[in-house]
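Note sheet for the following structure.
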């Protein structure tokens with residue numbers, strides 16, 4: 001099929017052209033899977049060198065190797081393997097439990113971060129919060145009506161901010177975290193400014 005005269009021109013390799021600039025100069029790849037599926041082989045093929053060996057197969061820590069191939073810097077991270085599961089149902093409870101523990105740890109970290117932010121920036125928050133009413137409205141479900149009215153009926157804006165902060169400060173970690181989330185929503189730039197300051 002086709003002309004024999006055009007055939008040699010069609011078969012010129014594209015990679016011999018060195019005047020083209022690569023679109024991607026750096027590539028990072030993570031290779032993961034259970035024991036015995038060929039993570040080392042895949043990593044070596046990507047890097048175009050024998051970087052991962054049989055001795056690496058049972059190491060229980062991450063391995064990172066790098067190489068430059070085709071004018072691209074390639075990093076391959078090999079994740080430790082795990083035992084194969086014969087049944088995906090066996091894997092689900094473990095995955096769900098790990099996900100739950102991970103999300104609980106993340107939530108606890110966020111609560112801690114928020115509470116520490118409030119403690120560290122007490123004075124600045126009392127002086128600089130502008131959105132007292134929207135924050136108090138959003139926190140109404142977490143505080144009793146008397147405290148809500150106490151915030152809004154304070155004689156000056158400064159006193160409103162101080163009442164708001166004092167009620168949140170005495171309300172426990174859950175209320176403090178809700179207050180922190182309201183600050184992120186209504187006073188985003190103030191929070192960013194205070195987080196950047198030493």
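In the UniProt record's numbering, the protein residues as written are 1 to 198.
By construction, the Cβ of each residue, glycine as well, lies at the ideal position given by its N, Cα and C atoms.
Just so we're clear, the structure is a prediction, and the values are computed from it rather than from any experiment.
Practice item. Compare the C-beta of residue 27 against all C-beta atoms of chain D and say whether one is closer than 7 Å. Key: No chain D appears in the structure shown, which is made up of a single protein chain.
Review point. By DSSP, does residue 74 sit in helix, in strand, or in coil?
Key: strand
Review point. Quick one, which of 32, 47, 127 has its alpha-carbon nearest residue 164's?
Key: 127
Review point. How big is the Cα-Cα spacing for residue 66 and residue 47?
Key: 7 Å
Check your understanding: Are there 16 or more other CB atoms within 10 angstroms of the CB of residue 27, so buried, or fewer, so exposed?
Key -> exposed
Point to revise | 8 Å Cβ shell around residue 53 - same chain, five flanking residues per side excluded | key: 40
Practice item. Grab the span of the beta strand (DSSP E) containing residue 29 for me, first residue to last. Key: 26-31
Check your understanding: Since residue 67 sits in a beta bridge, which residues does DSSP pair it with?
Key -> 74
**Study point:** Under the three-state DSSP convention, the category residue 140 falls into
**Key:** helix
Review point. What do you get for residue 25, buried or exposed, if any count of 16 or more other CB atoms within 10 angstroms of its CB means buried?
Key: exposed
Review point. Taking one C-beta from the stretch 108-121 and one from the stretch 167-181 each time, how about it: are there three or more such pairs within less than 8 Å?
Key: yes
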